[in-house]
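Count along the sequence shown from 1, add 8, and you get the number used in our numbering. Quick reminder that beta carbons are idealized off the backbone N, C-alpha and C, glycines included. The model shown is predicted, which means the values in this text are computed figures rather than measured ones. Beneath this line is the structure, given in structure tokens, with notes to follow.
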Amino acid sequence: MDGRRTPVPRRDALRAASAALLAGTAAAGCAPDSSARPAATADQPGARPAHKAHGAVRPAAAPRRFPGQPAEIAHGPRNRPRVALTFHGQGDPVLARAVLAEAERAGARVTVLAVGSWLDEHPGMARRILDGGHDLGNHTQSHLDINAMDETRAYAEITGCAQRLRRLTGSIGTWFRPSRARSATPLVQDLARRAGYPHVLSYDVDSLDFTSPGVPAVTRKVAGELRNGSVVSLHFGYRDTVAALPLLLTEIDRRQLRAVTTTELLT
């Protein structure tokens, strides 16, 4: 991959196309009271394959241990001009595909933490994410408050999603992120390691897009906190997020940053 993403021409046209796509489509994302499901696996670091049009199956990456990184990772190195846009994976697949397509037009790669029940309803999304060159990870099976669960139930939430990811992609996914929480309790961190995830993925920039504050508010929130190494929390299933993404990608370009997968951010 080169040092910078090529600025996307016709950004206004893309925004107009996104608006047309979103008109009449109900938002259904990963809000605190919604039922989300975990995501699948990631690609090899640095790879940017085109979407497979002829049925070729892309190998799914397994979780990796990153020496020197804590059990829970909230951001990447601050001395490199890279950021990771991470999406809680649930909601209307039309909106999810719009996010992925917009990112890919800009040469950006993202990380999707999918909810297991969402994958049950939309199994093709796992391969769509991977074939676009993105990271895919685990956001629990039912998107309930995992930190409030006992050990048995919490472990079942992690492994339930992991099993679906393995069945769909051959891997349990590259990352685990707790549901309904920015950070995992020590118990949930231990359970994630037991399930095969060396690290829990948190974030240092919360877009608050799940509150549907409007496109300007989402854009201002992220732009005001974005810096080298940032991991940004966003959500599929929200029209504000789809409409804000071209503006965010333009701002990332303006700051001479690259939007990469979380795996690449830490590699």
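In whole angstroms, what is the alpha-carbon distance linking residue i and residue j?
{"i": "residue 84", "j": "residue 102", "result": "30 Å"}
{"i": "residue 303", "j": "residue 261", "result": "Coverage of the chain is limited to positions 9 through 275, which leaves residue 303 absent and any answer about it impossible."}
{"i": "residue 161", "j": "residue 152", "result": "11 Å"}
{"i": "residue 171", "j": "residue 87", "result": "36 Å"}
{"i": "residue 130", "j": "residue 148", "result": "15 Å"}
{"i": "residue 112", "j": "residue 229", "result": "23 Å"}
{"i": "residue 132", "j": "residue 157", "result": "30 Å"}
{"i": "residue 201", "j": "residue 117", "result": "26 Å"}
When we look at the beta-carbon of residue i and count the other beta-carbons within 10 Å, is it buried (16 or more) or exposed?
{"i": "residue 264", "result": "exposed"}
{"i": "residue 146", "result": "buried"}
{"i": "residue 232", "result": "exposed"}
{"i": "residue 215", "result": "buried"}
{"i": "residue 159", "result": "exposed"}
{"i": "residue 191", "result": "exposed"}
{"i": "residue 94", "result": "buried"}
{"i": "residue 194", "result": "exposed"}
{"i": "residue 135", "result": "buried"}
Please list, in chain order, all residues of the same chain as residue i whose beta carbon is under 7 Å from its beta carbon, the five residues on each side excluded.
{"i": "residue 82", "result": "210, 211, 212, 239"}
{"i": "residue 270", "result": "92, 94, 119, 143, 183, 209, 239"}
Looking at C-alpha atoms only, which residue of the options is the closest neighbour of residue i?
{"i": "residue 221", "options": "79, 208, 241, 249", "result": "249"}
{"i": "residue 184", "options": "219, 177, 206, 193", "result": "206"}
{"i": "residue 163", "options": "224, 181, 176, 186", "result": "186"}
{"i": "residue 174", "options": "188, 252, 138", "result": "138"}
Tell me which same chain residues have a C-beta within less than 6 Å of the C-beta of residue i, skipping the five on either side of it?
{"i": "residue 90", "result": "266, 268, 273"}
{"i": "residue 178", "result": "68"}
{"i": "residue 259", "result": "231"}
{"i": "residue 189", "result": "155"}
Considering only residues of the same chain and omitting the five flanking positions on each side of residue i, which have a CB-CB separation below 8 Å?
{"i": "residue 197", "result": "79, 80, 208"}
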